[in-house]
Each structure stands twice: as C-alpha cells, then as structure tokens.
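Written below as structure tokens is the structure these notes are about.
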Amino acid sequence: MEAALSSLPYLMDGLLVTLQVTLLVVVFATIIGVILGVGISYGPLWLRIIVRIFSDFIRGIPVLVLIFFVYYGLPAIGINMETFTAAVVALSIFKISHVIENTRGAIQSVHHGQMEAGKAIGLKFHERLIYIIFPIALRRFLPPWINSVADTAKGSALVSLIGVVDLMLAMQKVIGRTYEAMPVYIVGLIIYFIINFSLSLSSRKLEAKYAFIKE
Amino acid sequence: MSHPLIQVKNLYKSFGDTEVLKGVSIDINRGEVVSIIGPSGSGKTTLLRCINVLTKYDKGSIKIDNVEIGYTSDDGKNRKERSENQLSEFRSELGMVFQLFYLFPHLTALENVMLGLRKVRKLSKVKATDQAKYWLQRVGLTEKINSLPSEMSGGQQQRVGIARAVAMDPKVLLLDEITSALDPELVGEVLEVVQKLVEDGMTMIIVTHEMSFAKDVSNRIVFMDEGKIEIDGTPSEIFDSKNERLNTFLARIKK
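These protein sequence lines map, in sequence, to chains A and B. Per the working numbering, the very first residue in the first sequence carries number 1; after that it's consecutive. Per the working numbering, the very first residue in the second sequence carries number 216; after that it's consecutive.
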C-alpha cells in the first residue's frame, strides 16, 4: 500500500498526459468536426459525399486499429510521428467523425423556419449560422458532445498500448515495480471516476442552462 | 416613380412534377394593400415566397423597383441566379411574416426585433434598442419585451413577428396566412396591428383566409386558383363577381 502511495507523483504525471491527450483531442475534434458537420449539412454535394464516406468509414473501425494504423502503419508511407502525436492524431480523427454526426443532428433539429426567418430579415448565411442556428442547436449539441469528451478521457487509456505514458501506462509501470496491483488500480479507478464524474456534473449544469430554449 | 413597386410577369414555378405557378402576372404599387385569396394549393404562398426569393422561380420575372430579384437579368436562357449575398440584400428590403411565427426561440422579444437592426442595418445598440422598443410598443407588447417566445401566447408571438419585419423599414410587407395558426380569440389582436400598419400607408401583400378583413383593408383582392390569377379587382368587384370558381371557394370557406 505504501509503495502505491509513494508512487502517486508518478501516477500524477501519467494523469497529466491523459488530460493533455483528452484536451487536445477534444479541441481538434470539436473545431474540425463542427466545420465538417456544417459542411455535411449545407455544403455542395461533393463535399457532403466526401464527409459522409469519411464519417461512416471512421466510425466503422475500432479505435485501437486506428491508433495502431497511425503509429505503425503510416511510417510505411513516410509519415513518422512520436507516440504522443500519433495518439492525439488517431483519437482526433476518431472523435471528429462523432462530432460531425453530433453537429449534423443538432443542426437538423433546428426548424427550417428559423433559417427562413433569418433569411427574411436579410441575414447572410454565416450570420444565420452564428446568431440563429448555432445557439438553437447548442442545446442538442451539448449532451452528446459531453459524452464524447468523457469517452475521450476513458478511451485515451488505449494510447498506453503504443507507449504513451498516460495514467494507464503509469499504473502498469508502478505495478510492475511494486507488484501492488490492487491498490494501484483502486487509485486509478478513483482518478478516472473523478474525471468523468466532474464532466457529467458540468454537463448537467450546461444542460440546465440551455434548457430554457424551447421551440 | 412611374413604375410599380413590384412587377411580377408570367411567373412559373414547379416543385418536381407539380407545377404550382402557371404564368402569374401582377403589379403592386407603392402604398397599395393587396390581398391574395384562394384554395390551398392554388399557389398563393409560393407566389409570396418567390417575391421574397425564399423560393426560386423557374421562368418569368419579378422586379422590385425595376430590378430583377432572383436572377441577373429579366429573362432568357442565359440569365444567372443571384448570389446568396445579393439575395440577402434584397430580402432585407422586404418584410415577411410567417404563418408559424418562426421567432428565434433563444432570444427575447426585444432581441428578436433587434437582431436584423443590429446585424443587417448595422445600427448602434442604443438606436436598435430604441427602434425595437418603439415597434414592440406599436404592436402593444411593451410589457413583454424581455419575454422569450415560449413565454408568450400565439397572438403575442405573431405580433413580435410583425414588429421584427416592420422594424426593418421594408419596402413591402408580405404576410403569409399570419392568423391561420392562431386560436380564434387571438386573431383579432393581430389583425388590429395589421390594420394600423395599413393606416400608416405600408405597402402590403396579404395571403389570408380572413375574407372580411381582406375586404376591409385591401385596395385590391386577387383570387388565385390552380396556379393562376383568376380575378384581380377591388373588394367589391371580387365579392360581387359571378365567377363560378370564386363563388364555389367563397361558399366553401363560409361553412
């Protein structure tokens, strides 16, 4: 037990990496996913087809395969990445596909009449998106998006398999050194739980904040 | 000023295989109030939506202040559709009120009216607030300026819809069956607001099923049937008409 506690700082370093991976993935996936989600909702046919194929394809493969492909596969065509970068790239690609669907669904939930009302007062397309569609769609966007963030935090444990020393791999290493599997896993479980529990608390707050928007 | 404000010439519009407008021509002069009546599916709403370029027309011409609105020239095979930004500019000069209000649900009454003033007219916050308040007061909603649409009755929402359109100071106000979705006891308060705008001299095209209202406020009434204008005349010409289709229609809606 003491050995497990004394290795806490090492676990915290791992936690930091887990949080970094999660944060970077969420930021990239949200920005690119929302842009592509708008593209699949309003873009020209060719763009909608490309995004649709990308999204269906990526969502159809296990994320672990994607991680291995980016780290072990891409060097074959000359794209070499460090483990951390490869982890962030692979998880981002995976999450982008979810944010695309999430965005598309949220946009679709906005009554087309709101868009027309925006047109009728002379708002340009981007102004209609910013001032009308996005704020209304946000209510539908947030709950699955926060799930997605929580999934990213949990799913990031997979990056330990290509050697990123995140919380998961840090735990494994401490266990390898101390043979104290149970206490270390309990600490790890608690940390993962705290991350996701605070996310779900903030999601409830956000949902309550935007619940006033009715149609 | 010799030309009519709105000139619609030989307008055609199809949705897939269904031809909804089959050669509609009508002129609207400044200050005129024209009501369009007719059975559902006769093309009234489509005509209104074409005038606001919410729907693109296939053939024919719509000019506002002598400028073709949907395309770069009046007719011919080589004309091009106008860009979204050009359409936005045209639309900002035309006010539209919808059957189902379509207020922005995340904005208060005041913010609903202000949005166009701020972002399209580029007014300062102070000026936009003043104007929005003025129009909400004109439609009798001073008490409700900070309410969200979900906190208002249908009649109140529709009055916000009218305020949002007229606050932009449009050349013409297009009203698309604005009382059809309202409970009967709320129709009066909305029509009263329209009546006031008529007295202001606002040019209007009103698609409506409220015959007595159309009779009272209109300079002209247009009866549409099967994608064509059957009769275009003064209220008394319309209601004294011997036209069989018109009378069948009028008899049916009286029931």
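Think of the CB as a built atom: it goes at the ideal place given N, C-alpha and C, for glycine as much as any other residue. Note that the coordinates shown come from a computational prediction; the quantities given were computed from them, not determined experimentally.
Practice task
Please name the residue in A:Gly176, A:Ser41 and A:Leu167 whose C-alpha comes closest to that of Val21 of chain A.
Solution key: Working through the first sequence from its first residue, we reach residue 21 of chain A at position 21. Val21 of chain A has its Cα closest to that of A:Leu167, out of A:Gly176, A:Ser41 and A:Leu167.
Handout entry: Own chain, CB closer than 6 Å to Thr18 of chain A, minus 5 neighbours either side, in chain order
Key = Taking the first sequence and counting its residues from 1, the one referred to as residue 18 of chain A is at position 18. Here the set comprises Ser156, Asp166 and Leu167.
Exercise for the section: Assign Phe428 of chain B to one of three DSSP states: helix, strand, or coil. Expected result: Counting from one through the second sequence, the residue named residue 428 of chain B turns up at place 213. Phe428 of chain B falls in the helix class under three-state DSSP.
Practice task
Taking C-beta pairs closer than 8 Å, name the residues in chain A that Glu304 of chain B reaches, listed in chain order.
Solution key: Residue 304 of chain B sits at position 89 when you count from the first residue of the second sequence. Per Cβ cutoff of 8 Å: Gly122.
Practice task
Work out the CA separation of Phe84 of chain A and Lys173 of chain A for me, nearest whole Å.
Solution key: Here residue 173 of chain A refers to the residue found at position 173 of the first sequence. Here residue 84 of chain A refers to the residue found at position 84 of the first sequence. Lys173 of chain A and Phe84 of chain A: Cα-Cα distance of roughly 17 Å.
Exercise for the section: Output the boundary residues of the alpha helix (DSSP H) element that contains Ile136 of chain A. Expected result: As a position in the first sequence, residue 136 of chain A is number 136, starting the count at 1. Here the alpha helix (DSSP H) through Ile136 of chain A covers Phe134 to Gly155.
Exercise for the section: Rounded to whole angstroms, what's the CA-CA distance from Arg264 of chain B to Gly73 of chain A? Just pull it up for me. Expected result: In the second sequence, the residue the question calls residue 264 of chain B occupies position 49. In the first sequence, the residue the question calls residue 73 of chain A occupies position 73. Rounded to whole angstroms, Arg264 of chain B to Gly73 of chain A spans 55 Å at the Cα level.
Problem - Three-state secondary structure assigned by DSSP to Ser229 of chain B - result: Along the second sequence, read from residue 1 onward, the residue named residue 229 of chain B stands at position 14. Reduced to three states, the DSSP call for Ser229 of chain B is strand.
Handout entry: At least three beta-carbon pairs within less than 8 Å, the segment 405-422 of chain B to the segment 430-446 of chain B
Key = yes
Handout entry: Any C-beta of chain B under 8 Å from that of Leu16 of chain A
Key = Looking up residue 16 of chain A in the first sequence gives position 16. No, its Cβ sits nowhere closer than 8 Å to a Cβ of chain B.
Exercise for the section: Using a Cβ cut-off of 8 Å (strictly closer), state whether Ser456 of chain B contacts chain A. Expected result: One-based indexing of the second sequence puts residue 456 of chain B at position 241. So no, Ser456 of chain B is outside the interface.
Exercise for the section: Please specify which runs of the beta strand (DSSP E), each continuous and at least 3 residues long, are wholly inside the segment 309-396 of chain B, giving them in chain order. Expected result: 309-312 and 387-391
Exercise for the section: Have a look at Ile421 of chain B and Asp151 of chain A and give me their C-alpha separation to the nearest angstrom. Expected result: The residue you call residue 421 of chain B lines up with position 206 of the second sequence. The residue you call residue 151 of chain A lines up with position 151 of the first sequence. Each residue's alpha carbon lies about 53 Å from the other.
Practice task
Using 10 angstroms around the beta-carbon of Ile194 of chain A, count the other beta-carbons present and answer buried if the total reaches 16, otherwise exposed.
Solution key: Translated into positions along the first sequence, residue 194 of chain A becomes position 194. The residue is exposed, with fewer than 16 neighbouring Cβ atoms inside 10 Å.
Practice task
Could you say which of B:Asp232, B:Arg374 and B:Met311 lies nearest to Gln352 of chain B if we only look at CA atoms?
Solution key: As a position in the second sequence, residue 352 of chain B is number 137, starting the count at 1. With distances taken between Cα atoms, Gln352 of chain B lies closest to B:Arg374.
Problem - Alpha-carbon to alpha-carbon, Met311 of chain B and Ala380 of chain B - result: As a working note, residue 380 of chain B is residue 165 in the second sequence. As a working note, residue 311 of chain B is residue 96 in the second sequence. About 6 Å.
Practice task
Note the first and the last residue of the continuous alpha helix (DSSP H) segment covering Ser97 of chain A.
Solution key: Position 97 of the first sequence, counted from the start, is the residue given in the question as residue 97 of chain A. Run containing Ser97 of chain A: Thr83 to Gln108, per the alpha helix (DSSP H) assignment.
Exercise for the section: Could you please tell me which residues of the segment 371-394 of chain B, in chain order, have their CB closer than 7 Å to any CB of chain A? Expected result: Arg379 and Met383
Exercise for the section: Have a look at Ala137 of chain A and Arg128 of chain A and give me their C-alpha separation to the nearest angstrom. Expected result: Reading the first sequence from its first residue, position 137 is the one you call residue 137 of chain A. Reading the first sequence from its first residue, position 128 is the one you call residue 128 of chain A. Their backbone Cα atoms lie some 12 Å apart in a straight line.
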